[in-house]
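One structure is given here, and the rest of the page talks about it.
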Amino acid sequence: MSKAPLWVGLLWLGACGDSVDEPIEHDTHDHDDHDHDTTSDWMTTGEPVTTPEVPAGSTPWVWDLPEGFPPPVVPVDNPMTVEKVELGRHLFYDPQLSGNGTQSCADCHHQDKAFTDALAVSEGSTGEFGTRSSMALGNVAYHTTLTWANPVLVRLEEQILVPVFGEFPVELGVAGSEDEVLQRFVDDPLYAPLFADAFPEVGDDERVTWDQVIDSLACFVRSMVSWNTPYDDLAYRGELALNPAEIRGMDLFFSERLECHHCHGGPLFSGSFVTSNSAHIEQPFFNTGLYDIDGEGSYPPDNVGLYGFTGEAGDMGAFRPPSLRNVGLTAPYMHDGSIETLEEVVEAYARGGRLVSDGPYAGDGRDNPYKSPFVAGFEITEGEKADLVAFLRGALTDPVLLEDPQWSDPFAGPAP
Ligand code: HEC
Ligand code: HEC
C-alpha cells in the first residue's frame, strides 16, 4: 500500500487533532516494526495522561484498567461522565433510535457475541443488507481508525453518524426522520431525567439534541474497555492464566513462520493502538489474498477495501486488521463474513491466500498482486493448528465484557 499524504493532512485538520493535548504523529503504512506485544513498546511515552474536565454536576468516569495502563483518547469536547454513559447505554439498546422504530445498535452489536451479530453481513432496519460484517466493540476507543477500511474515520462521534444517518446501506435509517426520532425521546418520560443528568450544564429547553444523542452513544461505546482475558492476566498482571495448548498457540502466533503478529500486533492484536499518551500511531491496512477475481487482483466490486477510498491500485483489497480479541465469538470472519471458522482462516493464511473455487468471485487469492508479503504461506500440522485456534479462542476471550451489567440491555426484563 502506498502512503497517502492527503489522509495524513485530513487527520491533522480533522477532529482527531483537537482531541488530544499533544499532536500525534500519524503514519499510514503496512510494515509493522513491532515484533511482539510488549507493554513497553506500546504503553509508555512518559507523557502525563490528560483527562478532560467534566461539567459541574457530572460524575467523572473511572476506567477499569490494569495497573498503569493508559485510558483511551477522550475528546476535550466530550468528556467521559457516568451519566452520559448511562444515557448512551439506553440509546444504544433502544429501537426508537431508528427511522421506523424497529432496530437499535444492539441488534447488530450483541453483548454476548462481543458486540457482533453472527451474520456474514448486517441487515439494516428496512431489511436492506449491507456489504460488511458487524465489528466487535470492546476496546474500540483504542483503534487508530474506525470500521473496516476508512483511514479518516478516527472519532467515535463521527463514526456513529454512519449507522444512524447513513443511506448506503440503510442501517438505523434516521435520515429524513430526524425530528420525528428526536421527538420520541422528548415524549418518552424515561429520558427527561437521563438527559438532565447527562447534560446538567445546559437549560431544560436545550436538551434532547442530536449532538447530545451522538455524544452519549460515543461515551457508552468508549467506556467498553476490555482487558480481562487470560492473555491480559499474563501480559499485564503477570499471572500465568493460559493452558499448555494456548501457550503453544501463542508461541506460534508470535513466530516468524506464521507472521500473524506483524499485522495483528499490539495490545488489540490489530496492529493499531492509540491511547491518551501515545506519541506515534500506526494505521495499517492490508490485502490478505482473500480474492483475486480477474487474475489482476480485483476484489468483489462492492467491497474493494481502501481502494474505494483512495482510488490507488495498490490499495485494492486492503482492509484494517480487525482486533483478534474475543475472536472466538465473532464468527463468521473477514470484512464480508466469507469465512465460517477460525480453522478455515488459518488454512487460508497457510495456503498464502484463499482459493475461491466457484461462483462469481472464483479465483486464487494466492496470486493477488496486491497481497501483503507477510501472507506468504507456511507449513502447519493439524496439532499446531489446534493450538493456534486454542490460543485465539481461549486466551483472547474476555468474559467480563460479555456479561458486565454496565454494558447490558437496560430494557431487558427479569430472566424467565
Ligand atoms: C445494521 C447493523 C448495524 C447497526 C444498526 C449498527 N452497526 Fe455498528 N457496525 C456495523 C457494521 C457492518 C460495521 C462495519 C462497518 C464498515 O466497515 O463499513 C459496524 C461498525 C461499528 C463501529 C466501528 C468498530 C471498529 O472497530 O472500528 C462502531 C464503533 C459501531 N459500529 C457502533 C455502532 C453504534 C453506536 C450503533 C448505533 C448508533 C451501531 N453501530 C449500529 C453494523 C451495525
Ligand atoms: C498481512 C497482514 C496480516 C497477516 C500476516 C495476518 N493477518 Fe489476519 N487479518 C488481516 C486483515 C487485513 C484482516 C481482514 C481481512 C479482510 O477482511 O479482508 C485479517 C483478518 C483475520 C481474522 C478474521 C477476524 C474477524 O473478526 O473477522 C483472523 C481470525 C485472523 N486475521 C487471524 C490471523 C492469524 C491467526 C494470522 C497468522 C496465521 C494472521 N491473521 C495473519 C491481516 C493479517
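Take 668 as the starting number for the sequence shown in my numbering and just add one per residue.
Ideal Cβ positions, reconstructed from N, Cα and C, are used throughout, including at glycine.
Helix, strand or coil for T748, going by three-state DSSP, please let me know.
Translated into the one-based positions of the sequence shown, residue 748 becomes position 81. Residue state, collapsed to three classes: strand.
Between the alpha carbons of L1135 and H777, how many angstroms are there, rounded?
Nothing in the structure corresponds to residue 1135, since the chain is present only between 668 and 1083.
Just to check my reading of the structure: S725 and E753 have Cβ atoms closer than 8 Å, yes? What is that Cβ distance to the nearest angstrom?
Taking the first residue of the sequence shown as position 1, residue 725 is located at position 58. Taking the first residue of the sequence shown as position 1, residue 753 is located at position 86. Their Cβ separation, rounded to whole angstroms, is 11 Å, which puts S725 and E753 out of contact at 8 Å.
Integer Cβ distance of L820 from V831, believed to fall under 8 Å
Position 153 of the sequence shown, counted from the first residue, corresponds to residue 820. Position 164 of the sequence shown, counted from the first residue, corresponds to residue 831. With 8 Å as the limit, L820 and V831 do not qualify as a contact, their Cβ atoms being about 14 Å apart.
If you measure between the beta carbons of S792 and G766, is that distance less than 8 Å?
The sequence position of residue 792 within the sequence shown is 125, counting from 1. The sequence position of residue 766 within the sequence shown is 99, counting from 1. Going by C-beta atoms, S792 is nearer than 8 Å to G766.
Helix, strand or coil: how does DSSP classify V743 here?
Position 76 of the sequence shown holds residue 743. Coil.
Proximal residues to D864 (C-beta, below 7 Å), its chain only, five neighbours per side dropped:
Counting from one through the sequence shown, the residue named residue 864 turns up at place 197. Same-chain partners within the cutoff: E750.
In chain order, each alpha helix (DSSP H) run of at least 4 residues that lies wholly inside the stretch 802-844
823-826, 828-832
Identify the continuous beta strand (DSSP E) that holds H947 and give its terminal residues.
Taking the sequence shown and counting its residues from 1, the one referred to as residue 947 is at position 280. It spans 947-949 - the beta strand (DSSP E) in which H947 sits, taken as one unbroken run.
Looking at ligand 2, does it come within less than 7 Å of M1001, judged from the CB to the closest heavy atom?
By 1-based counting over the sequence shown, the position of residue 1001 is 334. True, at least one ligand heavy atom lies under 7 Å from that Cβ.
Can you tell me whether A885 is buried or exposed, with buried defined as 16 or more other CB within 10 angstroms of its CB?
Here residue 885 refers to the residue found at position 218 of the sequence shown. Buried.
If you measure from the CB of V1042, is any heavy atom of ligand 2 nearer than 7 Å?
As a working note, residue 1042 is residue 375 in the sequence shown. V1042 Cβ: within cutoff of ligand 2.
Give every residue of the same chain whose Cβ lies closer than 8 Å to the Cβ of L857, excluding the five residues on either side of it in the sequence, and list them in chain order.
By one-based count along the sequence shown, residue 857 stands at place 190. Closer than 8 Å at the Cβ level, and outside the excluded window around L857, lie H757.
Just to check, is the beta-carbon of Q826 closer than 7 Å to a non-hydrogen atom of ligand 1?
Here residue 826 refers to the residue found at position 159 when the sequence shown is read from its first residue. True, at least one ligand heavy atom lies under 7 Å from that Cβ.
Do R889 and M747 count as a contact pair if the criterion is CB distance below 8 Å?
Sequence index remark: in the sequence shown, residue 747 carries index 80 (1-based). Sequence index remark: in the sequence shown, residue 889 carries index 222 (1-based). Contact flag set, yes.
For S647, which option in W894, L909, A842, F953 has the closest C-alpha, if you only look at C-alpha atoms?
The requested residue 647 does not occur in the structure, where the chain is confined to residues 668 to 1083.
Outcome for G1050 when other beta-carbon atoms lying within 10 angstroms are tallied against a minimum of 16:
For the purposes of this step, residue 1050 is identified with residue 383 of the sequence shown, where counting begins at 1. G1050 comes out exposed.
Is the beta carbon of G978 less than 8 Å from the beta carbon of Y1037?
Residue mapping note: residue 978 aligns to position 311 of the sequence shown, counting from 1. Residue mapping note: residue 1037 aligns to position 370 of the sequence shown, counting from 1. Result no, Cβ atoms of G978 and Y1037 do not sit closer than 8 Å.
Helix, strand or coil at L973 according to DSSP, with G and I counted as helix:
Along the sequence shown, read from residue 1 onward, the residue named residue 973 stands at position 306. Three-state result, L973: coil.
Look at the Cβ atom of V875, then the Cβ atom of V848, and state whether they are nearer than 8 Å.
Working through the sequence shown from its first residue, we reach residue 875 at position 208. Working through the sequence shown from its first residue, we reach residue 848 at position 181. No, the pair does not count as a contact, with Cβ atoms beyond the cut-off.
Which residues does DSSP list as the beta-bridge partners of L1022?
By one-based count along the sequence shown, residue 1022 stands at place 355. In the DSSP output, where bridge partners are listed per residue, L1022 has D1031.
Could you say which of D878, V1013, D1071, R799 lies nearest to F835 if we only look at CA atoms?
Mapped onto the sequence shown, residue 835 falls at position 168. For the residues D878, V1013, D1071, R799, the minimum Cα distance to F835 belongs to R799.
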